[in-house]
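Protein chains in written order, with the numbering used here: chain A, 1 to 141; chain B, 142 to 282; chain C, 283 to 423; chain D, 424 to 564.
Single-structure report; data block below.
Protein chains: 4
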Amino acid sequence: MELQLDADGLTAFLARDFPQVADQLRIESVAPMALRLRMLIDERHLRPGGTVSGPAMFGLADVGVYLAILAMVGPVALAVTTSCSVDFMRKPAAGADLVAEVRLLKLGRVLAVGDALIHSDGVAAPVARASLTYSIPPAMG
Amino acid sequence: MELQLDADGLTAFLARDFPQVADQLRIESVAPMALRLRMLIDERHLRPGGTVSGPAMFGLADVGVYLAILAMVGPVALAVTTSCSVDFMRKPAAGADLVAEVRLLKLGRVLAVGDALIHSDGVAAPVARASLTYSIPPAMG
Amino acid sequence: MELQLDADGLTAFLARDFPQVADQLRIESVAPMALRLRMLIDERHLRPGGTVSGPAMFGLADVGVYLAILAMVGPVALAVTTSCSVDFMRKPAAGADLVAEVRLLKLGRVLAVGDALIHSDGVAAPVARASLTYSIPPAMG
Amino acid sequence: MELQLDADGLTAFLARDFPQVADQLRIESVAPMALRLRMLIDERHLRPGGTVSGPAMFGLADVGVYLAILAMVGPVALAVTTSCSVDFMRKPAAGADLVAEVRLLKLGRVLAVGDALIHSDGVAAPVARASLTYSIPPAMG
Numbered sequence: 001m002e003l004q005l006d007a008d009g010l011t012a013f014l015a016r017d018f019p020q021v022a023d024q025l026r027i028e029s030v031a032p033m034a035l036r037l038r039m040l041i042d043e044r045h046l047r048p049g050g051t052v053s054g055p056a057m058f059g060l061a062d063v064g065v066y067l068a069i070l071a072m073v074g075p076v077a078l079a080v081t082t083s084c085s086v087d088f089m090r091k092p093a094a095g096a097d098l099v100a101e102v103r104l105l106k107l108g109r110v111l112a113v114g115d116a117l118i119h120s121d122g123v124a125a126p127v128a129r130a131s132l133t134y135s136i137p138p139a140m141g
Numbered sequence: 142m143e144l145q146l147d148a149d150g151l152t153a154f155l156a157r158d159f160p161q162v163a164d165q166l167r168i169e170s171v172a173p174m175a176l177r178l179r180m181l182i183d184e185r186h187l188r189p190g191g192t193v194s195g196p197a198m199f200g201l202a203d204v205g206v207y208l209a210i211l212a213m214v215g216p217v218a219l220a221v222t223t224s225c226s227v228d229f230m231r232k233p234a235a236g237a238d239l240v241a242e243v244r245l246l247k248l249g250r251v252l253a254v255g256d257a258l259i260h261s262d263g264v265a266a267p268v269a270r271a272s273l274t275y276s277i278p279p280a281m282g
Numbered sequence: 283m284e285l286q287l288d289a290d291g292l293t294a295f296l297a298r299d300f301p302q303v304a305d306q307l308r309i310e311s312v313a314p315m316a317l318r319l320r321m322l323i324d325e326r327h328l329r330p331g332g333t334v335s336g337p338a339m340f341g342l343a344d345v346g347v348y349l350a351i352l353a354m355v356g357p358v359a360l361a362v363t364t365s366c367s368v369d370f371m372r373k374p375a376a377g378a379d380l381v382a383e384v385r386l387l388k389l390g391r392v393l394a395v396g397d398a399l400i401h402s403d404g405v406a407a408p409v410a411r412a413s414l415t416y417s418i419p420p421a422m423g
Numbered sequence: 424m425e426l427q428l429d430a431d432g433l434t435a436f437l438a439r440d441f442p443q444v445a446d447q448l449r450i451e452s453v454a455p456m457a458l459r460l461r462m463l464i465d466e467r468h469l470r471p472g473g474t475v476s477g478p479a480m481f482g483l484a485d486v487g488v489y490l491a492i493l494a495m496v497g498p499v500a501l502a503v504t505t506s507c508s509v510d511f512m513r514k515p516a517a518g519a520d521l522v523a524e525v526r527l528l529k530l531g532r533v534l535a536v537g538d539a540l541i542h543s544d545g546v547a548a549p550v551a552r553a554s555l556t557y558s559i560p561p562a563m564g
């Protein structure tokens, strides 16, 4: 399968459809069924003590898999997150961006499944892993 | 087991330790191993189209189970979220608060487990369910 | 919504379509969007040490939610399990049956979601909780 | 970290402590924080229609991550599965073994986390993914 949207196309999509998070995210690379997404950490993402909040990490994984789907099918319709599971494994490094390595594991007619491994930038041990399932509207199939 | 913190005690804890979300949340009731938490929905929680975002629902469930743990053990130490799973089942009603019914299913020496059923206020069918696991630091046991 | 299959109808379905597990399971009650299922524990379900195995508990929850779906839609087609999450919370009591209290939380056109709380018979504290998602084939809608 | 048990050591452990499943499993390779495990499919694992059952796939992932932990810490004590999430993505190929590629993502003092990607032997697209969390007894730390 070929890519329908490259990193520039996905960045333009983010800026237009998700203006509230677009400035926090950088698409570092995109390939068939895979994508690398960086979250620029600032005050909005932090909990007391300086660690990145759980919802921020969940949001990074959610947007990452969503963009990996759009890269394959194009910006034609809205996939909807139907379920997720996340394991929070380590405390993110203070002051470091988070980087999500996303794999698309299934891109079916009605369901898509992907996972993400999230690292603090420059640290090998992952801080979280997440898997997400999306329901794909009929028009998108 | 007796409650160590009632709704007023938990509200004071939220205001002091989670000032960034305290004004969005109302503890409606608390009982041994159970809690009802309301999220006052505003612009910050919305996605394009007017639905509440996935990270906002995740955050509601996460804080809800966390508060149910604190109600039982007191505000002595920080439990850490180690894993969660969420099913997003229906689109939240536009303009309605979300209400989470939280059950604490296990409160062990090292792990606590709870779940939450989330409704749009005034609508019977749930919009999401979530289950969460917390690691409890030694001092808290 | 009305029940399409009662406990007798579900039991007959189990005996015909799942002969390999039908003799281990008893449908104790069925109601709209809810079902109570007992697993008669024997040697096949045990791990060294006498506890019920994880796969056996997973199977109980999986069949329980599946039967709750069939009770609502009738034995017309095969729903397929697409995802599950399980929390194993306590060691099951030795020599006791397991009882699953199943709730159907969503029964949509393409997806169904349910959860199960599993107890050792006669013990209040749950041993496990599980949530499961099923994809419903078009003919079933 | 060095391996405490190699494939032969893990195979001997399986035969002694899990005689009921040892003959169905082959450890194909083991490395620090990684393991490849094959399930020899036979009648016991099949559902009507010839597909491998969900509980069998869950069991494969569960034993796979468990063995990856033992490879690192040695056969000193029993880690207990505390939670899992599984996505069932495709129908396994009829008559083919299943192969699980296991990664250990965290091996902490009290919790270990791993995931598994499961393929039908000889087919690239995965049939399932699973993530599992284990509680590690104090003596094991």
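Glycine included, each C-beta is placed from N, C-alpha and C at the ideal position.
Using a Cβ cut-off of 9 Å, pull out every chain C residue sitting near residue i, in sequence order please.
i, result
"Arg231(B)", "Lys388, Gly390"
"Asp520(D)", "Ordered by position in chain C, no residue passes the 9 Å Cβ test against Asp520(D), which lies about 18 Å from the chain."
Please compile the residues from chain A whose C-beta is within a distance smaller than 8 Å of the C-beta of residue i.
i, result
"Thr152(B)", "What Thr152(B) touches in chain A: nothing, since even the nearest Cβ is about 17 Å away."
Establish whether the CB of residue i and some CB of chain A are separated by less than 7 Å.
i, result
"Thr363(C)", "no"
"Arg552(D)", "yes"
Run through chain D and tell me which residues come within less than 7 Å of residue i, C-beta to C-beta.
i, result
"Val65(A)", "Per Cβ cutoff of 7 Å: no residues; Val65(A) is ~12 Å from chain D at best."
"Pro55(A)", "Under the 7 Å cutoff, chain D gives no residues; its nearest Cβ is about 18 Å from Pro55(A)."
"Pro126(A)", "Leu528"
Kindly list, in the order they appear in chain C, the residues whose Cβ is closer than 8 Å to that of residue i.
i, result
"Ser135(A)", "Val392, Leu393"
Compare the C-beta of residue i with all C-beta atoms of chain C and state if any pair is closer than 7 Å.
i, result
"Tyr228(B)", "Checking the displayed sequence, the identity of residue 228(B) turns out to be Asp instead of Tyr. Chain C, which has a Cβ nearer than 7 Å to the Cβ of Asp228(B), makes this yes."
"Pro561(D)", "no"
Identify which residue in the options has its Cα closest to the Cα of residue i.
i, options, result
"Val355(C)", "Gly390(C), Ser335(C), Pro337(C), Thr363(C)", "Gly390(C)"
"Arg84(B)", "Ala128(A), Val65(A), Arg47(A), Val123(A)", "Residue 84(B) cannot be examined here, being either before or after the span of chain B that is shown, 142 to 282."
"Pro419(C)", "Ala313(C), Lys388(C), Asp324(C), Val362(C)", "Val362(C)"
"Val444(D)", "Val312(C), Leu414(C), His327(C)", "His327(C)"
"Gly321(C)", "Leu380(C), Ile351(C), Val358(C)", "Rather than Gly, the amino acid found at residue 321(C) in this sequence is Met. Answer by Cα proximity: Leu380(C)."
"Gly195(B)", "Tyr275(B), Ser276(B), Ala271(B)", "Ala271(B)"
"Ala454(D)", "Ala491(D), Ile464(D), Gly487(D), Thr474(D)", "Ala491(D)"
"Tyr275(B)", "Leu155(B), Gly205(B), Ser170(B), Ala234(B)", "Gly205(B)"
"Ala124(A)", "Leu437(D), Ser543(D), Lys529(D)", "Lys529(D)"
"Gly236(B)", "Arg167(B), Leu166(B), Gly263(B)", "Gly263(B)"
"Tyr66(A)", "Thr51(A), Phe18(A), Ser120(A), Pro126(A)", "Phe18(A)"
"Ile168(B)", "Val193(B), Glu184(B), Ala212(B)", "Ala212(B)"
Is residue i close to chain B, meaning its C-beta is less than 7 Å from at least one C-beta of that chain?
i, result
"Pro314(C)", "no"
"Asp6(A)", "no"
Considering only heavy atoms of the ligand NAD, does any lie closer than 6 Å to the CB of residue i?
i, result
"Leu60(A)", "For the structure depicted, the ligand NAD is absent and the ligand set is empty, with no information on it obtainable."
Name, please, each residue of chain B whose Cβ falls closer than 7 Å to the Cβ of residue i.
i, result
"Asp397(C)", "Arg270"
"Gly59(A)", "Pro196"
Report yes or no: is there a C-beta of chain D within less than 7 Å of the C-beta of residue i?
i, result
"Asp344(C)", "yes"
**Report entry** Inter-stretch contact at 8 Å, needing at least 3 Cβ pairs: the region 242-259 of chain B / the region 165-180 of chain B
**Finding:** yes
Report task. Assess, as a yes-or-no matter, whether the region 193-201 of chain B is touched by the region 142-154 of chain B under the definition of 3 or more beta carbon pairs within less than 8 Å. Result -> Contact between the region 142-154 of chain B and the region 193-201 of chain B is absent: fewer than 3 CB-CB pairs across the two stretches fall below 8 Å.
Query raised in the report: Looking at C-beta atoms only, is the number of pairs between the region 359-379 of chain C and the region 254-274 of chain B that lie closer than 8 Å three or more?
Result: yes
Query raised in the report: Could you give the uninterrupted runs of the alpha helix (DSSP H) lying entirely in the region 480-505 of chain D, keeping only those of 4 residues or more?
Result: none
Query raised in the report: Can you give, in chain order, each stretch of the alpha helix (DSSP H) that sits fully within the region 11-39 of chain A and has at least 4 residues?
Result: Fully enclosed alpha helix (DSSP H) runs of 4 or longer: 19-22.
Query raised in the report: Any contact of the region 150-170 of chain B with the region 76-84 of chain A, i.e. 3+ C-beta pairs under 8 Å?
Result: no
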